[in-house]
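**Student:** Below is one structure. I have some questions about it.
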Amino acid sequence: MAAAAAVVTPSGLEDGVSRSRGEGAGEVVVERGPGAAYHMFVVMEDLVEKLKLLHYEEELLRKNNLKPPSRHYFALPTNPGEQFYMFCTLAAWLINKAGRPFEQPQEYDDPNATISNILSELRSFGRTADFPPSKLKSGYGEHVCYVLDCLAEEALKYIGFTWKRPTYPVEELEEETVPEDDAELTLNKVDEEFVEEETDNEENFIDLNILKSQTYRLDMNESAKQEDILESTTDAAEWSLEVERVLPQLKVTIRTDNKDWRIHVDQMHQHKSGIESALKETKVTEELEKVKQEMEEKGSSMTDGAPLVKIKQSLTKLKQETVQMDIRIGVVEHTLLQSKLKEKSNMTRDMHATIIPESAIGSY
14 MAAAAAVVTP
24 SGLEDGVSRS
34 RGEGAGEVVV
44 ERGPGAAYHM
54 FVVMEDLVEK
64 LKLLHYEEEL
74 LRKNNLKPPS
84 RHYFALPTNP
94 GEQFYMFCTL
104 AAWLINKAGR
114 PFEQPQEYDD
124 PNATISNILS
134 ELRSFGRTAD
144 FPPSKLKSGY
154 GEHVCYVLDC
164 LAEEALKYIG
174 FTWKRPTYPV
184 EELEEETVPE
194 DDAELTLNKV
204 DEEFVEEETD
214 NEENFIDLNI
224 LKSQTYRLDM
234 NESAKQEDIL
244 ESTTDAAEWS
254 LEVERVLPQL
264 KVTIRTDNKD
274 WRIHVDQMHQ
284 HKSGIESALK
294 ETKVTEELEK
304 VKQEMEEKGS
314 SMTDGAPLVK
324 IKQSLTKLKQ
334 ETVQMDIRIG
344 VVEHTLLQSK
354 LKEKSNMTRD
364 MHATIIPESA
374 IGSY
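What the sequence shown shows, in this note's numbering, is residues 14 to 377, in sequence order.
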């Protein structure tokens, strides 16, 4: 069986999580929702409002020459050392505002001792702090926001602050006086005349039977006259003059309302089409620049003499290496020839030494 509930996480933040309990083993699995990572931003914004209610700007910031923190100061990492000092200063001030004596931490105090003192004061208020103290050493994060928010709530309770019902001011609608042309009609005039006609008609009681008979007679008369009005007897010139005379009175001035969502939708479509057209031109321009750059590189490589100079230098170096190799080959050949001659002379000497003289043979 699975059930969804709002529980207090180990960090003390109240998030929406889902719990699933096994039937046999009774194992509990807690999973945080997708919006839990952004909950600390909401807590930080509430903390800023609570600090303003405690008048921390006059009592803390001005006395210590500190800058007011932003709406998400302790939710995002900016400067860990500065954030940790600001956290300790705010926590000490809130503990003092809650009626507990607490010394203001200094810059060279042991951070572990300061954090342990703050957490012990937090637990003395009956708040849970089931997280390691190292979470507060960075000076930002959901645990820092949670600790400061709890201390701010305890300070508000101690001073006896209570929320009152909001008083909404009576808004007086001021009508803009716009000079209107007598020859032009506005929508307001049309609406007023229409309302006056409706009120006049409501004052008179109408008999439905008489109205039905009158409409029937009118329909009969119109059907009888349809055959007569087949050709117009009105002069076209007089008609055009009458149109020109009445045309200024038929103009209707429509005042644009900035709150109309249709105007914003049309503007969004216009901006979208403009961005798409500009994006196409930008892509074409980028491709053109790439082609121009490639052409310039190829043209410079064709007219540049640097590759030819490199080839000549390589050939000169190759010739020098060839000459050195020939010298080494000649030295090796000379050494080999000397060794062969020496070996030949040694063989000849050995052959002469082994020949027996004839005088020695005759004596035998």
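C-beta: ideal position from N, C-alpha, C; glycine also.
To the nearest angstrom, how far is it from the Cα of Arg362 to the Cα of Lys325?
**Tutor:** Taking the sequence shown and counting its residues from 1, one reaches residue 362 at position 349. Taking the sequence shown and counting its residues from 1, one reaches residue 325 at position 312. A straight line joining the alpha-carbon of Arg362 with that of Lys325 spans about 56 Å.
**Student:** Going by beta-carbon coordinates alone, are Gln117 and Thr102 separated by less than 8 Å?
**Tutor:** Reading the sequence shown from its first residue, position 104 is the one you call residue 117. Reading the sequence shown from its first residue, position 89 is the one you call residue 102. With contacts defined as CB atoms closer than 8 Å, Gln117 and Thr102 qualify as a contacting pair.
**Student:** Which value, in whole angstroms, describes the spacing of the CA atoms of Glu70 and Lys63?
**Tutor:** The sequence position of residue 70 within the sequence shown is 57, counting from 1. The sequence position of residue 63 within the sequence shown is 50, counting from 1. Roughly 12 Å between the two C-alpha positions.
**Student:** Would you mind stating whether Ala165 and Leu67 have Cβ atoms separated by less than 8 Å?
**Tutor:** Position 152 of the sequence shown, counted from the start, is the residue given in the question as residue 165. Position 54 of the sequence shown, counted from the start, is the residue given in the question as residue 67. Going by C-beta atoms, Ala165 is nearer than 8 Å to Leu67.
**Student:** Does DSSP put Ile172 in a helix, in a strand, or in coil?
**Tutor:** Stepping through the sequence shown from its first residue, residue 172 is reached at position 159. The answer is coil: DSSP assigns Ile172 none of H, G, I, E or B.
**Student:** For the segment 174-184 against the segment 140-157, do three or more pairs of beta-carbon atoms, one drawn from each stretch, fall closer than 8 Å, so that the two count as touching?
**Tutor:** A contact is defined here as three or more CB-CB pairs under 8 Å, and the segment 174-184 fails this definition with respect to the segment 140-157.
**Student:** Cα-Cα, which of Pro93, Ser151, Glu167 is closest to Ser137?
**Tutor:** One-based indexing of the sequence shown puts residue 137 at position 124. Nearest option by C-alpha distance: Glu167.
**Student:** If you draw a straight line from the alpha carbon of Ser151 to that of Pro145, how long is it in whole angstroms?
**Tutor:** What you label residue 151 is simply residue 138 of the sequence shown in a count that begins at 1. What you label residue 145 is simply residue 132 of the sequence shown in a count that begins at 1. Rounded to the nearest angstrom, the two C-alpha atoms are 12 Å apart.
**Student:** Please state whether the Cβ-Cβ distance between Ile131 and Ala111 is less than 8 Å.
**Tutor:** One-based indexing of the sequence shown puts residue 131 at position 118. One-based indexing of the sequence shown puts residue 111 at position 98. Contact flag unset, no.
**Student:** What are the complete alpha helix (DSSP H) segments, minimum 4 residues, inside the segment 58-120?
**Tutor:** 93-110
**Student:** Under a three-way DSSP split, which group does Val297 fall into?
**Tutor:** For the purposes of this step, residue 297 is identified with residue 284 of the sequence shown, where counting begins at 1. The answer is helix: DSSP assigns Val297 an H, G or I state.
**Student:** State the DSSP-derived secondary structure class of Ala38, mapped to helix, strand or coil.
**Tutor:** Counting from one through the sequence shown, the residue named residue 38 turns up at place 25. Caution is warranted here: a pLDDT of 38 is assigned to Ala38, below 50, making its placement in the model unreliable, and no coordinate value can be reported.
**Student:** When the Cα atoms are used, what is the spatial distance from Glu36 to Glu72?
**Tutor:** Position 23 of the sequence shown, counted from the first residue, corresponds to residue 36. Position 59 of the sequence shown, counted from the first residue, corresponds to residue 72. Note on Glu36: pLDDT 37, under 50, position unreliable in the model; no value is reported.
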